[in-house]
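S.K.:
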Amino acid sequence: MPSPSVAEAAEFHSRALDALRQPLESGHVVIARAAGVVRLPARFLMVLAANPCPCGRHTLHGAGCECPPSVIRRYQARLSGPLLDRVDLRVEVEPVTRCDLLGQGGRGESTAVVADRVRQALERAAARLADTPWRLNSEVPGQELRTRWQAGPGALAPAERDLERGLLTARGLDRVLRVAWTVADLRGRDRPEALDVAVALELRTGIARGAMSLPGAGT
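Going by my numbering, the residue at position 215 of the sequence shown is 218; the numbering climbs one at a time, nothing skipped.
1. Is Leu-48 helix, strand or coil when you go by DSSP?
2. I need the straight-line Cα distance from Ser-141 to Ala-19, nearest angstrom please.
3. Am I right that Arg-302 and Gly-155 are in contact with their C-beta atoms under 8 Å? What's the rounded C-beta distance?
4. For Ile-75, report the span of its alpha helix (DSSP H) as first-last.
5. Would Leu-198 pass as a contact of Arg-120 if the rule is Cβ separation under 8 Å?
6. Would you call the CB atoms of Tyr-78 and Pro-44 closer than 8 Å?
7. Which ranges would you report for the alpha helix (DSSP H) in the stretch 99-184 if only whole runs of at least 4 residues count?
8. By Cβ distance below 7 Å, which residues in the same chain neighbour Arg-24 in space, the five residues on each side in sequence not counted?
9. Closest to Thr-100 by CA distance: which of Leu-63, Pro-161, Glu-14, Thr-135 is it?
10. Using a 10 Å radius around the Cβ and a threshold of 16 neighbouring Cβ atoms, would you call Pro-161 buried or exposed?
11. Which one or two residues does DSSP pair with Pro-30 in a beta bridge?
12. Should Glu-95 and Gly-209 be called a contact, given that it needs their Cβ atoms to be closer than 8 Å?
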């Protein structure tokens, strides 16, 4: 069989993309027809990739992007705010450097090392959630995370300020908290502290807070 075609997220119709919002939120999809209503499980991991403009060179200095501003706005608007509000991690990918292409850059951790850390984090989360209906941080309702399993004193202060400033929605705050718990599990901590929340916020908003560049920020 031919392999499926792959396209940037912004190449899809906005209505098709927005149809993913309910399954992402509830973990199921509802199909209503004259004969009845069917509710089907639809829990999945969504990974989106998009260029900044149709030609892909809008943010590259000296790259010669000729896309008119109106075209760039329409292209980016296909990823609606409500859909992006359901995306936990947002990472801007920089162009590959010459050193990276020629293998002259520093080598990162091996897959085995990362896999072992992820396994340990999953075990920590499973032990914490053993007597609950949930097994992963992503499944835990925000209300439970705010009341039953609380972050360290003052850890959520930056996220609460972002909420007041309109940089985060209530849904976004819950998702930041879930990611902060995952970061804490990856670091072997009992609960999220200020640095864990800072990492989650930076991954959510794209606003540099110094957390990602700290030694051991990803571990």
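By construction, the Cβ of each residue, glycine as well, lies at the ideal position given by its N, Cα and C atoms.
Remember, predicted model here, so these are calculated numbers, not experimental data.
M.R.: Straight from the coordinates:
1. The residue given as residue 48 occupies position 45 in the sequence shown. Coil.
2. The count along the sequence shown starts at 1 and reaches residue 141 at position 138. The count along the sequence shown starts at 1 and reaches residue 19 at position 16. Computed Cα separation, rounded: 24 Å.
3. No answer is possible for residue 302: the residues shown for the chain start at 4 and end at 222.
4. Position 72 of the sequence shown, counting from 1, holds the residue named residue 75. Taken as a continuous stretch (DSSP letters only), the alpha helix (DSSP H) holding Ile-75 covers 72-80.
5. Here residue 198 corresponds to residue number 195 of the sequence shown, with the count starting at 1. Here residue 120 corresponds to residue number 117 of the sequence shown, with the count starting at 1. No, they are not a contact pair.
6. Position 75 of the sequence shown, counted from the first residue, corresponds to residue 78. Position 41 of the sequence shown, counted from the first residue, corresponds to residue 44. In this structure, Pro-44 does not lie closer than 8 Å to Tyr-78 by Cβ.
7. 101-104, 114-131, 145-150, 160-168
8. One-based indexing of the sequence shown puts residue 24 at position 21. The residues are Pro-85, Leu-86, Arg-89.
9. Position 97 of the sequence shown, counted from the start, is the residue given in the question as residue 100. Nearest of Leu-63, Pro-161, Glu-14, Thr-135 to Thr-100, Cα basis: Leu-63.
10. Counted from its first residue, the sequence shown places residue 161 at position 158. It is buried - the Cβ of Pro-161 has at least 16 other Cβ atoms within 10 Å.
11. Counted from its first residue, the sequence shown places residue 30 at position 27. Note that residue 30 is Gly in the sequence shown here, rather than Pro. Partner residues in a beta bridge of Gly-30, as assigned by DSSP, do not exist.
12. Residue 95 sits at position 92 when you count from the first residue of the sequence shown. Residue 209 sits at position 206 when you count from the first residue of the sequence shown. The answer is yes: Cβ separation under 8 Å.
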